[in-house]
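S.K.: One structure, pasted below without further comment.
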Amino acid sequence: MVGGIAVVMAVMAAVYWYGGAVVARHQAEGAADLGALAAAGTAVDGEQAACAEARWVVERMGAVLRSCRLSGWDALVEADVGYAPFGSAAARARAGPVELNR
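Read in our numbering, the sequence shown has 351 at position 93, and its numbers run on one by one without any break.
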């Protein structure tokens, strides 16, 4: 009986930690996506202003901005969210103007 309870508890703990890692990854992806959109929206003001805007958005999303740069009109952003037992969850995003091929 005690062994069965221990197994159930171990499985529940594993599911809990795995779920937390998934949430951290999604949070990092959302922060990177919105940071890239913010940077692309202010790209006309230069890389410094664009990356400052990306940092503001990423930090409000509970993540850390690891890198930000402009490549032409495209904004490239990397963000990560710390998750204690597994290190951190990182994500990259790119945003820029849409090309229309007609």
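Positions of the beta carbon are idealized from the N, C-alpha and C atoms, including for glycine.
Are there three or more Cβ pairs, one per stretch, closer than 8 Å when the stretch 306 to 313 is compared with the stretch 338 to 348?
M.R.: Because the criterion of three Cβ pairs below 8 Å is not met, the stretch 306 to 313 and the stretch 338 to 348 do not touch.
S.K.: A333 and A353 look like a contact to me (Cβ under 8 Å); what is the Cβ gap, rounded to whole Å?
M.R.: Contact flag correct, Cβ pair sits at about 5 Å.
S.K.: I think A294 touches V335, with their Cβ atoms under 8 Å apart; what is that distance to the nearest whole Å?
M.R.: So it is a contact: roughly 4 Å between Cβ atoms.
S.K.: When DSSP labels each residue in this structure, what does A289 get in the three-state scheme?
M.R.: Looking at A289 - three-state DSSP - the assignment turns out to be helix.
S.K.: Give the range of the alpha helix (DSSP H) segment to which V315 is assigned.
M.R.: Residues E305 to R318.
S.K.: Select from E357, N359, A351 and V260 the residue whose C-alpha is nearest the C-alpha of S325.
M.R.: Checked all of E357, N359, A351 and V260; the closest Cα to S325 is A351.
S.K.: Do A296 and A321 have their C-beta atoms closer together than 8 Å?
M.R.: Going by C-beta atoms, A296 is not nearer than 8 Å to A321.
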